[in-house]
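In the numbering used here, the protein residues as written are 167 to 321. The beta-carbon is built from N, C-alpha and C at its ideal position, and this holds for glycine as well.
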């Protein structure tokens, strides 16, 4: 696995400009969300490339589509390892639910990535979808990307 020493970065673009939520110099393997109303432009991360962080590293291992009765949902599976923290080693498997697919893997992601147009998953469906992907992927936590650029995590 190739290592990347950049931190994960999410950008929220509103009419006034761009507001980085976490700083990053190169953003080779980050994913970015640009929000227009309720539709999000999602820049896909590179699968299998480790991202170094202060306490350890994380990696996205695969990208999947959940065929749900409410629509096709894009999600990513990953794992994180905290092997340099003061509290001792730990790790977890997780899923990031990106949203409903409007348009998948369109050009415009920049670099080696592509971008998709997504709609956020309504909060009323978070528990049901989290339960489904937990069983399907065997992970401990499910994170939902929200329309305001933040995340909601369910354990």
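With fewer than 16 neighbouring CB atoms inside 10 Å of its own CB, residue 271 falls in the exposed class. Positions of the beta strand (DSSP E) runs, each at least 3 residues long and wholly inside the region 256 to 287, are given as 256 to 272, 281 to 285 in order along the chain. Assignment of beta-bridge partners to residue 244 by DSSP yields 226, 260. The Cβ atoms of residue 249 and residue 259 do not sit closer than 9 Å to each other. Residue 305 carries a coil assignment under DSSP once its states are collapsed to helix, strand and coil. When beta bridges are read from the DSSP output, residue 289 appears opposite no residue. DSSP places residue 220 outside any beta strand (DSSP E), giving it a letter other than H or E. In the displayed model, residue 231 falls within a strand according to three-state DSSP. In the three-state scheme derived from DSSP, where H, G and I count as helix and E and B as strand, residue 238 is classed as strand. When the Cα atoms are used, residue 246 and residue 314 turn out to be separated by approximately 24 Å. In the structure shown, residue 300 adopts helical secondary structure according to DSSP, grouped into three states. When the Cα atoms are used, residue 252 and residue 268 turn out to be separated by approximately 43 Å. In its chain, beyond the 5 residues on either side, 226, 229, 262 have a beta carbon closer than 6 Å to the beta carbon of residue 242.
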